[in-house]
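Okay, so here's the structure we're looking at.
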Amino acid sequence: MNSTPGADWLNLLIGLLQDAQLQLLRVLDALGLAQQMHGRPGWPWEHRLSGENLLIDLGQARSLAWTLVFVGVAVLALLLALFWRRPRFYFLALVPMLLIAAPWPEAHVVLVPATPTSFQSSPTGFTAASIAQGRALYEQNCVACHGADGKGEGPLAASLAVWPPDLSGPLLWRRADGDLLWRILHGTRDAGQGKTTMPGFGGKLDEADAWALIDYMKAQAAGQSLRALGNWPQPIGLPDMAVRCGSQPPRWLASWRGQRVRIVAGDAALTEDPRLVTVRLVSPSSKTAPAAADCAAESVAAWEALALIAGTDRLAGTQLIADRDGWLRARGEPGKAGWSDDDLLCRSERTPSATADGATLPADGLGALIARMDAEPVRFVKGGFIH
Ligand code: HEC
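As structure tokens, this is what we get:
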């Protein structure tokens, strides 16, 4: 989940590949060569360069990085040969030598099957409302095979040629979002005989529905992981929701991006803390209005989205902390007094007793938690997308 130190070059490489492919798609679109797919220019090839495999196979990633350097130098040599007449022969001779000497990576590792929507990204903003919309759609269309918990044990599962995968694990994070969109709308086929393994829902659902389903499935997978493992192995964002502070007009929770946000669910006593923006999440069953001074979110969808992500039916009293980038990082369970850096549920494997620069953690629990959270930002890379 979080990148290991020293993997910065890999993030850079994956970011570069991603950008280069997106730019290529833009150029094709500008030239009128890309077909529109679900409202955006579609990727015309069957394959794309893969970020996800490079993450797994560092050796191949290194080969690819070096090959890019070799190809870069070869292009430079070609340019020099064009403009510099006298040593032209030497520059030209260098080009094939460089191309032969480059440690080309294996195509089956760096190239993965693409879909026309591989490079599309979600327009929803991961809101509580889209998660709620996704939940309703999931219950109507997907539960029979994938099961209520997404583990693939729905009543129809056993009758299928291929067992539905476990959607409550890391699968959704391994795929590019655009590929998930395509599979929901167009279904999946088995690689051998091309038989339909999951039906497509394009006739029944539109893109907005599919994006909402993806939001819901991710929120659900986060909750299932928390139940099973006690942490969030894949980073999950704080869903966006409308918040009202006193008599001011409502604003979006995401408008505080750049600051740490704490959500307090239910009527638990609440003390402001200058290190965090505190927002009370009002329980749908609560009869008391939130105190006038509080910032509060009151929608049922917001409550349900956070209960889903926290993997609990009893959200009241839970506190959740999101970092400055909007990733949910820590949970305080109901009735628990005080925080410690152990409450960090989305973390890297580094030593807990010191921050990245070696300074010891502050003695106060919340301070220690914040220091560690800030020292280990989420640098999540998935399907070639740096989040
Ligand atoms: C008829 C049973 C069935 C229904 C209904 C169904 N699925 Fe599937 N789903 C499957 C099977 C089987 C697979 C595995 C396909 C494979 O690997 O070839 C799958 C795979 C998936 C995957 C993983 C795709 C990947 O990239 O590996 C996602 C995501 C998914 N389904 C989402 C949904 C959603 C969302 C719905 C509801 C709109 C839904 N499914 C409805 C049977 C079903």
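Mapping of the sequence shown onto this note's numbering: position 327 corresponds to residue 353, and the numbering continues sequentially without gaps. Glycine included, C-beta positions come from ideal geometry on N, C-alpha and C.
Between the stretch 188 to 197 and the stretch 241 to 260, the count of C-beta pairs closer than 8 Å reaches three or more; the two stretches touch. Judged by DSSP secondary structure, Gln345 falls within the beta strand (DSSP E) whose first and last residues are Gln345 to Ala348.
In this structure, the alpha-carbon of Ile240 lies about 29 Å from that of Leu302. Bounds of the alpha helix (DSSP H) holding Ala133 are Ala133 to Val136. Distance from the C-beta of Arg161 to the nearest heavy atom of the ligand HEC is not below 7 Å. Counted as a single uninterrupted DSSP element, the beta strand (DSSP E) harbouring Arg306 occupies residues Val303 to Leu307.
About 4 Å separates the beta carbon of Asp369 from that of Ala356, a gap short enough to meet the 8 Å contact definition. Sixteen is the threshold: since fewer than 16 other Cβ atoms of the shown chains lie within 10 Å of the Cβ of Tyr116, the residue is exposed. CA-CA distance, Leu354 to Gly256, rounds to 14 Å.
For Cys372, no alpha helix (DSSP H) run applies, since DSSP gives it neither H nor E. Annotated three-state conformation of Cys171 is helix, per DSSP. Spatial neighbours of Leu163 in its own chain (CB-CB distance under 8 Å, excluding positions within 5 residues in sequence) are listed in chain order as Leu231, Asp235, Ala238, Leu239 and Tyr242. If you draw a 10 Å sphere on the C-beta of Ile396, you find 16 or more other C-beta atoms in it, and that means buried.
Per DSSP, Val97 is one residue of the alpha helix (DSSP H) stretching across Leu84 to Phe109. Restricted to the stretch 208 to 263, the beta strand (DSSP E) segments that are unbroken, complete and at least 3 residues in length are 222 to 224, listed in chain order. The ligand HEC never approaches Cys271 closely enough for any of its heavy atoms to be under 7 Å from the residue's Cβ. Secondary structure of Trp69 (DSSP, three-state): coil. In the DSSP assignment, Ala268 falls outside any alpha helix (DSSP H) and lies within the beta strand (DSSP E) extending over Ala268 to Cys271.
Comparing C-alpha distances from Trp282 to each of Ala295, Ala268, Ile157 and Leu39 shows the shortest one belongs to Ala268. Here DSSP, grouped into helix, strand and coil, assigns Gly358 to strand.
For Val121, the uninterrupted alpha helix (DSSP H) segment begins and ends at Arg114 to Ala127. At least one heavy atom of the ligand HEC lies less than 7 Å from the C-beta of Thr214. Each of Gly292, Arg373, Cys372 and Asp55 was checked against the Cα of Leu341, and the nearest Cα belongs to Gly292.
If you draw a straight line from the Cα of Ala154 to the Cα of Gln285, it comes to about 20 Å.
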